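Residue numbers (the numbering used here), protein chains in the order written: chain Y, 1 to 269; chain X, 1001 to 1293; chain W, 2001 to 2232.
All C-beta atoms in this analysis are idealised placements derived from N, C-alpha and C, irrespective of residue type, glycine included.
These numbers come from a predicted model, not from an experiment.
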Amino acid sequence: MGLFVPQSGPLLWLFIVGALLFGGLCLFLLTLAPPRARKPLIAAVTFLAGLFFAAEFFWPVATSGDNIGKNFLTPYLKPVSDMTTVLQAFALGVGIYSLLNVHLRAIARRRQGWGFSVVLVGSILAIAVPALWKEYDRENTVARGLYTLAYDGGFNALNAAMFSIVAFYIVSAAYRAFRARSVEATILLCSALVVILGQIAVGQALTSWLPAEGFAANFRLEILRNWILTRVNAPAVLAIELGIGIGALATSLRLWLSLEQGSYFEEEV
Amino acid sequence: MRPLLVLLVRGQRIDRRVLYLLLAATVALPMVIRLPVPPVAITPQSRQFFRTVEQFADDPARRHKLVILCTNYGSGTSAENQTQTEAVLHHLMRKRLKFALFAFSTPQGRELGKASAEKLASRYGYEYGRDYVHFGFRPPDSVEPLLKAAVRDIPGNFGNDINGTPLAEIPVMQGIRTVNDIGMIVEVASSNTLQLWIAFFQRVGEEPIPTLYCPTNVMAPEAFPLLASGQLSGMLAGLNGATEYEQLLNEPGFGSGVSAPLSYSQLLIVLLIALGNAGMFAQRRLARLREEE
Amino acid sequence: MGLFDNAPLIKVISVWLAALCTLGIYSVLYKENKVFRFFEHLFIGLATGYTIYTTWNDVLKPRWWEPMTTKGMWWWAFAVPAGLLFYFIYSKKHAWLSRLIFGLFFGAAAGRAFQGFAAFYFPQIRAAVNMPLLNPPEAAAPTAYFLTPFSAVLNNLLFLAILVSVMTYFFFSFEQKGKITPAIARIGRFLLMFAFGAIFGSTIMARMSLLIGRIHFLIHDWIQGVLLNRTG
């Protein structure tokens, strides 16, 4: 592969521009693909991408020598994953485009609540600009200061506040919705109460008079809680996860072989 | 009897904002007036975590190996995960173990892990580069092949540290080459990142690497099968796991400081569940009484 | 420019901002209002901006731009037309092109699923079916199992019974007929409720922890630390 060697100087930029032009040409040729070739093309790309990772896993590995534990595909694992990581990053633009599209339109047309759209667009710039600025000018205190205000003062606090607000809704739900209306709900309720009381100091104090050793110790709340988690919850969770795991595996197989059905997959292309 | 039933039924219509205020007060008051609370009982999983670190530190054949401490969380769950990280760091530093910080779920984890290590380093005389290192952040998608490749060459595949220095040039990394030079893995997580260590790194060396887990409490119930199968050698579940660890280390931190609000807020939930159900039964009872009349 | 050289002052302002942001978000608890809407949009904007920054700084710059422009790996330029495939989603005529790149990711995720499944779940299945059912392993029994130590076997049997009954409940591949299978599935359903109760209990703890983190910030860092100028 004499072509794929690192270049430098003006030649490097020539190669980069050449690659871009070649890539652009490929894109143009793809747009000319006849409709009947499209689905097979998509299926082939999907299959090949899956085949690489599946084959790397199933292909026997060397059991001795310098390449112990590797097969002929293993060395390509890192470059291929680097490529998927980079391509995934390119997808970010799709989301940003959609977001900006909605909000810039709202601002331009002065739709109701357009002021909030200004806040949104402004806050994207308020953190991204100083963040990138400080990376290129590390000694710049203005960039660092602005970033600290946006990141510590804004983003971190808002993130933590958003996560924590659920606690309030749980309190309301616990009072209004968590009722022993059926056998199942009663079991759930009892199990939850034992677990909650068994995990807090004031709950544990209710049975702390029981001896710490011997048969009676089994009825201490913290021990009951641990028993529920390790002996009842663990096998139930394992059963659920095995079900999900096998289901995910089956779905993976269907996606890989382009057998998946549903609106997205059956749409005409 | 009847007035009580009526009261319980009327209580059902209480404004949700009163409940919110009650919760805020239950959390805030114990922080201001320092309500007493007994120490929380230590779970077998936390004790197992502690024992695993102690045994590792006491084993002359293993203690020179590197511990990987993964800080895979952001500011959203830092109340739980940051407290766990600091409790574990206390133990690692107290035992003078070599460790590497690493993050791959969000870049925030890189900064939070770094901040915790820097906060405690001076107290234990830890110096960056000599006693610990930071592998920096890697995007999640790139970690599976990274771990697979690192099995045979850690400095070569992880490349540079957080400051861009090649790992091979960092003193603490001397003698750390393959998976067999890793002594323990500690995963502090707010999402499902543990699987990568277990699937691609834990059992590929000469002997399984003890793996310790610090999930948020939401994720903890899912990890119990992994403790039963031996894939995990200990777990600190959420903030209470961290509080238990602070107790085991006799090193009160954030967890021990907020033990009272943590206890009382959950007691409030228990009381509200009980009241809510009492209200439901009262309603049925009242309806029956009215029918009989 | 003096303001930004004064690190302690920046810290104080950022604590003030953080407190305002927290209270602004909590204002929705009273009722839906404009202050909350402001902070909600601020959050989305800051999160997007932060993602742009980290995507460039932690992914594209070190893995794509620098290898291409400073290490001479010119072939990384092919990532641009490949990445552009995503954007055809906006074209009515050529939207199918975006499916090529989505297909690539579907395929890659599917191919990776095999390995993750095998390495993660097989040891768990092995551990579950290898539980000692005859001889109590006194020494190995952890200290806090229910009815320990004399009934390690009972506990192990129970573990297996729960595993089987819950799996039976989730078995939808054929109709559950007869007397035994639906009965086992029903027991599985009840046992599942035990697990859900435990999960609910743990979730409560998690949510309270995060709220405590925020309120601790408001009381300790903001009110005591900045407003009353009292630290410690």
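Beta-carbon proximity check, residue i vs residue j, cutoff 7 Å
i                : j                : result
V2028 of chain W : F2038 of chain W : no
F1200 of chain X : L1120 of chain X : no
T2054 of chain W : P1107 of chain X : yes
N1240 of chain X : G1205 of chain X : no
L1232 of chain X : Q1084 of chain X : no
V1188 of chain X : N1277 of chain X : no
A49 of chain Y   : G2107 of chain W : yes
G2049 of chain W : L120 of chain Y  : no
A1041 of chain X : E222 of chain Y  : yes
Where residue i falls, given that 16 or more other Cβ within 10 Å makes a residue buried
i                : result
S1229 of chain X : buried
N2033 of chain W : exposed
K2092 of chain W : exposed
A157 of chain Y  : buried
L2211 of chain W : buried
C26 of chain Y   : exposed
R1284 of chain X : exposed
Y2090 of chain W : exposed
F2122 of chain W : exposed
A55 of chain Y   : exposed
G9 of chain Y    : exposed
V1172 of chain X : buried
K134 of chain Y  : buried
A2139 of chain W : Its pLDDT being 37, under 50, A2139 of chain W is placed unreliably by the model, and the measurement read from it follows with that caveat. Per the 10 Å Cβ criterion, exposed.
A244 of chain Y  : A small fix is needed here, since residue 244 of chain Y is Ile in this sequence, not Ala. By the 10 Å Cβ count, I244 of chain Y comes out exposed.
R1130 of chain X : exposed
Y1264 of chain X : buried
H2041 of chain W : buried
E1222 of chain X : buried
L32 of chain Y   : exposed
P2137 of chain W : Any reading at P2137 of chain W must be qualified, since the residue scores a pLDDT of 44, below 50, and its modelled position is unreliable; no value is offered.
F2146 of chain W : In this prediction, F2146 of chain W has a pLDDT of 47, which is less than 50 and means its spatial position is unreliable; what the coordinates show is noted afterwards. Its Cβ being crowded by 16 or more others within 10 Å, F2146 of chain W is buried.
E1246 of chain X : buried
F2217 of chain W : buried
F2172 of chain W : exposed
V2166 of chain W : buried
Proximity winner among the options, relative to residue i (alpha-carbon distances)
i                : options                            : result
N2155 of chain W : Y:T230, Y:V166, Y:A201             : Y:T230
V1270 of chain X : W:M2205, W:K2177, W:K2071          : W:M2205
A62 of chain Y   : Y:L77, Y:E56, Y:L11, Y:N71         : Y:N71
Q1045 of chain X : X:E1293, X:A1242, X:E1292          : X:A1242
R1203 of chain X : X:T1178, X:E1169, X:A1100          : X:T1178
F1056 of chain X : X:G1011, X:I1273, X:I1182          : X:I1182
A2047 of chain W : Y:L242, Y:G95, Y:V195              : Y:G95
R1051 of chain X : X:P1215, X:N1081, X:L1022, X:H1091 : X:H1091
I246 of chain Y  : W:G2213, W:G2116, W:M2193          : W:G2116
W958 of chain X  : W:I2184, W:R2230, W:F2120          : Within the shown structure, residues of chain X are numbered from 1001 to 1293, placing residue 958 of chain X beyond reach of any answer.
T1077 of chain X : X:A1041, X:V1018, X:G1279, X:T1216 : X:T1216
S117 of chain Y  : Y:A106, Y:F168, Y:I127             : Y:A106
K2071 of chain W : Y:A91, Y:F58, Y:W13                : Y:W13
L210 of chain Y  : Y:A49, Y:H103, Y:G203, Y:R220      : Y:R220
L189 of chain Y  : Y:A177, Y:I200, Y:S252             : Y:A177
G1279 of chain X : X:M1001, X:G1011, X:T1211          : X:G1011
N1160 of chain X : X:I1170, X:L1249, X:R1152          : X:I1170
L1212 of chain X : X:C1070, X:R1288, X:E1086, X:D1015 : X:C1070
Contacts that residue i makes with chain Y (C-beta to C-beta distance below 8 Å)
i                : result
V2226 of chain W : The contacting residues do not exist; V2226 of chain W stays about 12 Å from chain Y at best.
H2041 of chain W : F116, S117, V119, L120, S123
I2010 of chain W : G145, T148, L149
Under 9 Å from the C-beta of residue i: neighbouring residues of chain W
i                : result
R1017 of chain X : L2029, Y2030, K2031
Under 7 Å by beta carbon: chain W residues contacting residue i
i                : result
R138 of chain Y  : Those within 7 Å of R138 of chain Y in chain W number zero; the least Cβ separation is about 12 Å.
V1258 of chain X : I2212, H2216
Neighbour list for residue i in chain X, Cβ cutoff strictly below 9 Å
i                : result
D2234 of chain W : This structure does not reach residue 2234 of chain W, given that chain W is present from 2001 up to 2232, and the question cannot be answered.
D2058 of chain W : P1107, R1110, G1136, F1137, R1138, P1139
Interface partners of residue i on chain Y, CB under 7 Å
i                : result
V2080 of chain W : L20, G23
Between the region 1025-1038 of chain X and the region 1257-1269 of chain X, do at least 3 Cβ pairs fall closer than 8 Å?
In short, these stretches touch, since the Cβ pair count reaches three.
How do the region 137-151 of chain Y and the region 2009-2028 of chain W stand: do at least 3 beta-carbon pairs fall below 8 Å, yes or no?
At 8 Å Cβ cutoff, the stretches touch.
Contact between the region 230-241 of chain Y and the region 18-32 of chain Y is defined here as three or more beta-carbon pairs at a separation below 8 Å; is this criterion met?
Touching, no.
Evaluate the contact criterion for the region 78-87 of chain Y versus the region 2078-2089 of chain W: three or more CB pairs, one atom per stretch, below 8 Å.
The region 78-87 of chain Y vs the region 2078-2089 of chain W: in contact.
Is it true that the region 73-83 of chain Y meets the region 1140-1158 of chain X, where meeting means three or more beta-carbon pairs spaced less than 8 Å apart?
Output reads yes: the region 1140-1158 of chain X touches the region 73-83 of chain Y.
Segment contact flag, the region 1003-1018 of chain X with the region 2196-2204 of chain W, C-beta cutoff 8 Å, min 3 pairs
In short, these stretches do not touch, since the Cβ pair count stays below three.
Are three or more beta carbon pairs between the region 2171-2185 of chain W and the region 164-183 of chain Y nearer than 8 Å?
Too few Cβ pairs lie closer than 8 Å, so no.
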